[in-house]
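Participant: This is the structure I want to talk about, given as C-alpha cells.
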Amino acid sequence: MSLNKSCVLFTYEVSKIKLLKNEYLINYQYYDGDYSWIMIVTKDDILRADKELNKKTSILNRNDKTCHYNKVIRLTKIRDKKYALKFGYDAGIFDALFTFYQTHKLKPTVEFLKISGFIDDKHEDLYGEDEMKIQVDENNVSENNVSEIVFDGMNPDDYEVSYELTLIKGDCIESLQRISNKPIQTICIDPPYNIGKDTWDNIDNYIEWLTDVVVSLETKLKDDGTMFIFHNNMESISELMISIKKHTNLKFIQMITWNKRFAGSKKKGFLDGYVVKKDAHKWELMAEYILFYTKDNTWKYKDARVKHKVCSKEIQKEVPSKTGGMTGWYTNIETGLNFPTRERMIPITKHLGLKYEDVVPKFKNQKIHHSVWNYDSAKKHKNCSHVTPKPVELLENIIKHTTDEGDYLLDCFAGTGSLGRACLNTNRKCILIEREEEYFNFMKDELFQG
Ligand SMILES: C[S@@+](CC[C@H](N)C(=O)[O-])C[C@H]1O[C@@H](n2cnc3c(N)ncnc32)[C@H](O)[C@@H]1O
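Okay, so the sequence shown: first residue is 132 according to our numbering, each after it adds one.
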C-alpha cells in the first residue's frame with residue numbers, strides 16, 4: 132500500500148478487524164465522498180499507517196459511526212474515485228457488517244463477504260493485484276485462526292504478531308485482559324519464585340498476586356486444557372496450592388520433579404551428580420517442581436444427568452462386574468476419582484451426550500512417561516542478562532504430551548521466550564507476555580529472526 136495523497140482510511144480497533152492469517156478488514160473512504168468500501172490489508176499496512184498517523188498533526192476528528200471505536204488512522208492513497216461510487220457503501224453499513232461477522236466468523240473471508248452482501252462476483256475484478264486482493268487459506272479456517280487478541284490503545288512497539296506467535300510487552304494481569312478469552316490448550320508459566328533472584332523476583336503479597344494471575348489464566352483455558360506452573364520453593368508451593376484450590380476450579384493432577392544437573396555438579400549423570408561444600412548444613416538443591424493442573428469438568432456429568440433425567444445406576448449397569456454385579460465405575464468418574472477411558476465414555480455419551488473431549492484433558496503419552504524428568508539447566512543467552520531461562524527440550528516434552536500441532540499455548544512470564552521457541556520447534560502457536568523491555572526485545576529478535 133503506497134502512501135500518497137488523496138483519500139483517507141478509517142480503521143477500527145485492531146482486534147475487531149482481524150480476520151484470518153494476517154488479514155485485517157478495514158473501511159476505506161474518500162475525503163470528498165460519503166462512500167466507503169472494505170478492503171483486506173496486512174498488519175504491516177496497519178502499523179505503517181499508525182506510524183504515518185503519529186507524524187501528522189491533522190487527524191480527522193469525526194464523531195460519526197465510522198470512528199466510534201476511537202481509532203482513526205489517516206492513510207493517504209491515490210485511488211480512482213469512480214470505484215468509490217461504483218463500489219461504495221455508506222460507512223454505517225460497516226458496523227452492521229461487524230455484527231454480522233461476529234456470528235459468521237468461522238466462515239472463510241470471501242464467503243463471509245459474499246453472504247454479508249458486501250461483495251458479489253462482479254466486484255471481484257475491483258480487487259487489484261497489489262492491494263485489495265482477498266487471500267483465504269481455505270484449509271486453515273478454524274476458531275484458532277480468528278485472532279481475538281486486543282491491541283486497542285497499545286503502542287505498536289509493545290506487541291509483535293505472526294501467524295504462530297503473539298508477543299505482548301506488559302504486565303501479565305493487564306495483558307491477559309486483552310486476550311479476549313482466547314481458548315488456550317496449554318498454559319505453562321514460570322513465574323517469579325519470590326526468592327530474590329533478580330529485581331523482578333521480589334513481590335509483595337506474593338501468594339495473593341500469583342493466585343490472581345492463575346485465576347485470570349483459568350478463564351483462558353480450554354475445557355480439555357492443561358496448566359503447568361514451575362516453582363522451587365516448597366513453602367510457597369504449599370500456600371499456592373491451597374490458594375488455587377480455594378479460588379479456582381482447577382484440578383490438581385500431580386507434581387513433576389525436574390531433576391536438573393546444575394552447573395556446579397560433577398557431570399556424572401542426573402542421579403549421582405553432586406557438589407561438596409565446606410560447612411554444609413543441608414543437602415544441595417538439585418530439583419525444581421512443576422505443578423500440573425487441568426480444568427475440573429466433573430460438574431458437567433451431574434448437569435447432564437439432570438438435563439437428561441438419568442440416574443447414575445442406569446449408566447453404571449451398562450458395564451457390569453465379571454460376575455454380573457454393579458461396580459462403582461461411573462460414580463468414580465462423576466466424583467473426579469477417575470477419568471473415563473474412550474471405551475468407558477461410550478455409555479456416558481449414550482446417556483448424557485457428553486463427549487470425551489468435554490470431560491477429559493488432552494494427554495498424549497510420550498517416551499518420558501513418569502513424573503521425574505532429567506533435563507540439564509538451560510544455558511544463559513549471550514545477548515541477554517536473564518538469569519533463569521528454562522530448557523526448551525523440557526518445554527517440548529510438556530507440549531508434546533498435552534497439545535496437537537496448531538494448538539495455542541500461553542506463557543505470561545515469558546522471559547527469554549523459551550516456550551515460544553519450543554512451540555516453533557513443534558508447530559504450535561503461542562502467546563507470550565513479558566514485562567521487562569530487555570527480555571521482550573530479546574525474545575522478539577530471537578523468535579522472529581531465528
Ligand atoms: C522466571 S522468569 C521466566 C523465564 C522464562 N521461563 C525463560 O525461559 O526465559 C520470570 C519472568 O517474569 C517476568 N515478570 C515478572 N513479573 C511480571 C509481570 N507482572 N508481568 C509480566 N512479566 C513479569 C520477569 O521479567 C521474568 O522475565
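Here a beta-carbon is modelled for each residue, glycine too, at the ideal position from N, C-alpha and C.
What separation, rounded to the nearest whole angstrom, lies between the Cα atoms of Thr574 and Ile304?
Facilitator: Going by the sequence as given, residue 574 is Met instead of Thr. Roughly 20 Å separates the two Cα atoms.
Participant: In terms of residues, what are the limits of the beta strand (DSSP E) holding Val503?
Facilitator: 503-507
Participant: Check the DSSP bridge columns for Arg473 and list the partner residues they point to.
Facilitator: In the DSSP output, where bridge partners are listed per residue, Arg473 has none listed.
Participant: May I ask you to list the residues that DSSP assigns as paired with Asn428?
Facilitator: As computed with DSSP, Asn428 is found in no beta bridge at all.
Participant: For Thr547, verify whether its CB is less than 7 Å away from any heavy atom of ligand 1.
Facilitator: Taken from the Cβ of Thr547, at least one heavy atom of ligand 1 lies inside 7 Å.
Participant: Whole angstroms are fine: how far does the CA of Ser549 sit from the CA of Leu402?
Facilitator: 25 Å
Participant: Who are Asp542's beta bridge partners in DSSP?
Facilitator: Paired residue(s): Leu563.
Participant: Taking the runs of the beta strand (DSSP E) that are 3 residues or longer, which of them lie wholly in the region 365-423?
Facilitator: 381-392
Participant: Would you be able to state if there are at least three C-beta pairs under 8 Å between the region 495-502 and the region 466-474?
Facilitator: no
Participant: Taking its Cβ as the centre, do 16 or more other Cβ atoms sit within 10 Å of Val345, making it buried, or is it exposed?
Facilitator: buried
Participant: Please classify Phe544: is it buried, with 16 or more other beta-carbons within 10 angstroms of its beta-carbon, or exposed?
Facilitator: Result: buried.
Participant: Identify whether Leu485 lies in helix, strand or coil by the three-state DSSP scheme.
Facilitator: Of the three classes helix, strand and coil, the one that applies to Leu485 here is coil, per DSSP.
Participant: Only counting the same chain, and skipping five residues up and downstream in sequence, which positions put a Cβ closer than 6 Å to that of Glu415?
Facilitator: Contacts found: Val406.
Participant: Among residues of its own chain, excluding the 5 on either side of His378, which ones have a beta-carbon nearer than 8 Å to its beta-carbon?
Facilitator: Thr342, Val345, Val346
Participant: Check whether the Cβ of Arg582 lies closer than 7 Å to any heavy atom of ligand 1, and answer yes or no.
Facilitator: Residue 582 lies beyond the stretch modelled for the chain, which goes from 132 to 581, so this question has no answer here.
Participant: Count the other C-beta atoms from every protein chain shown that fall within 10 angstroms of the C-beta of Thr534, then say buried if there are 16 or more, exposed otherwise.
Facilitator: buried
Participant: I'd like to know if the region 507-515 and the region 370-386 are in contact, where contact means that at least 3 CB-CB pairs between them fall below 8 Å.
Facilitator: no
Participant: Can you tell me the Cα-Cα spacing of Asp576 and Gly551, whole angstroms?
Facilitator: So the alpha carbons of these two residues sit roughly 12 Å apart.
Participant: Looking at Thr519 and ligand 1, is the gap between the Cβ and the nearest heavy atom below 7 Å?
Facilitator: yes
Participant: With 16 as the cutoff for other CB atoms within 10 Å, does Lys376 come out buried or exposed?
Facilitator: Result: exposed.
Participant: Cβ atoms of Ile529 and Asn317: under 8 Å apart, would you say?
Facilitator: The question names Asn, but residue 317 is Thr in the sequence shown. Yes; because the gap between Cβ atoms is below 8 Å, this pair is in contact.
Participant: Between the region 345-363 and the region 328-335, do at least 3 Cβ pairs fall closer than 8 Å?
Facilitator: no
Participant: Look at the alpha carbon of His439 and the alpha carbon of Ile479, and state the distance between them as a whole number of angstroms.
Facilitator: 11 Å
Participant: Under a three-way DSSP split, which group does Val292 fall into?
Facilitator: strand
Participant: Which value, in whole angstroms, describes the spacing of the CA atoms of Leu526 and Asp410?
Facilitator: When the Cα atoms are used, Leu526 and Asp410 turn out to be separated by approximately 36 Å.
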